[in-house]
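Worksheet: the structure to be examined is printed underneath.
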Amino acid sequence: KYFTFSSSIWNGGGIPLGSFLPHSPSHSCVCFRCLPATVHFFLQKLPHPKEGICGCSSLVRFSRALECADWGTSKLRWLPMIITKQYRCIHSTSCQCTKGHLSEDVIFLVFQQLNWNPKLIATLSCVCKWFDDLAKRVLWKEFCRTRAPKMMIDLQSSGSHNVDGNWRALGKLLIYCSGCKKGGLFNNIQIPGHFVHRTRFSRTSGKSFLLPQCRSDVLYVSDPCEHLDQGEDGDVGFFRGVFKSFSMSKVRKMLIKRGAQLHPTEVCPYCKAKLWSMLQAKMIPQSASCRLGAYEDCIEYYVCLNGHVLGICTLLPLSDSEEASELE
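Everything in the sequence shown is counted per full-length UniProt numbering, starting at 1 for the first residue and increasing by one.
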């Protein structure tokens, strides 16, 4: 219920929290129920740290965004933020940013109140290496668990405490359609990537993308993200997915047995790992087109070394009856 703070929160003129913590039994503790108001008030009183010290100026811009949070409804009013990723900070004992910032427990509670907002997690990761490590290890994990709880339980049920390719990559896969670029994985189609507000991942649908001899593997696949009226390419659909324990899967063993070649230049947009083409390996079953509602000869997908799946298909046009029902 209570989390202890140090008496000086920020280097360069710390703020004694006991002077403004509401309903706390002592000057060194923060009541969980009062955390939103406490953090909001604390951020308003943050002194400006010096520019250029391990991304502290980025942290100020991040804190200003949190100031705009409506803590009662967990909704955010965004301020424009352009934060450069900090690569030089090694967060050693001599680093200025180690002195006096919030503990992991407090940051956890703040982001829990924000419902693990992915934009703020990504912004925090840019501040310095310590925050980036915390986001990878804790915040993205909780984001995934909150957005797809049953799927995460299944992916971890083999005993692994992590997922292939790390939590940040999986979090991005859940909410981001990678699109494609000219000269990339999918020939000359140019469709920019974008965030998806809602996506359904299905383990049952994943079976349709596996050959009969590989259907003991577990694959979660999304519904196609539709991009209609793409000129000569027609109605294009992008889908993505993830294998459970891909390193031990039958699909991986078959790819290696068939001598499938990794793509020479392109990498996974989620984890930057090398990619196998399932089309070149002749491992796309006809059932995949039925599941997607696509032409049989217009499906292609890749799987990376960490088991992330990304693919493209040309969707079948709606029938007259379907068009009529939509108009109704």
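Cβ atoms here follow ideal geometry from the backbone N, Cα and C, with glycine treated the same way.
Remember, predicted model here, so these are calculated numbers, not experimental data.
Asked	Found
Per DSSP, the bridge partner or partners of Ile191	Cys180
Buried versus exposed call for Thr265 [16 or more other C-beta atoms within 10 Å across all chains shown]	exposed
For Phe238, the residue or residues it bridges with in DSSP	Cys225 and Ile312
Rounded separation between Leu139 and Thr199 - CA only	20 Å
Whether Gly171 touches Gly193 by CB criterion (8 Å)	no
Beta-carbon proximity list for Lys181, same chain, < 7 Å, skipping 5 on both sides	Gln190
Span of the alpha helix (DSSP H) around Arg257	According to the sequence provided, residue 257 is Lys. The question's Arg does not apply to it. Element bounds for Lys257: Lys250 to Lys257.
Beta-carbon proximity check, Ile153 vs Pro118, cutoff 8 Å	no
Burial state of Phe143, where buried means 16 or more other Cβ atoms lie within 10 Å	buried
Reference Asn306; option with closest CA among Gly293, Arg252 and Gln113	Arg252
Residue span of the alpha helix (DSSP H) that contains Trp167, given as start and end	Trp167 to Ile175
Three or more C-beta pairs below 8 Å linking the segment 296-304 and the segment 267-279	yes
Residues near Asn188 by beta carbon distance below 7 Å, same chain, minus five either side	Lys182
DSSP bridge partner residues for Lys150 (one or two, in chain order)	DSSP, once it has assigned bridges, lists no residue as partnering Lys150.
Rounded separation between Thr314 and Pro224 - CA only	10 Å
Straight-line Cα distance separating Val110 from Cys128	18 Å
Local Cβ density within 10 Å of Asp132, reported as buried at 16 or more and exposed below that	buried
Residue interval of the alpha helix (DSSP H) (run including Trp130)	Lys129 to Leu134
Cβ neighbours of Phe246 in the same chain (closer than 7 Å, five flanking residues each side left out)	Asp164, Arg252, Asn306 and Gly307
C-alpha distance - Gly237 paired with Asp229, whole-angstrom precision	11 Å
Simplified DSSP state of Pro212, which is helix, strand or coil	helix
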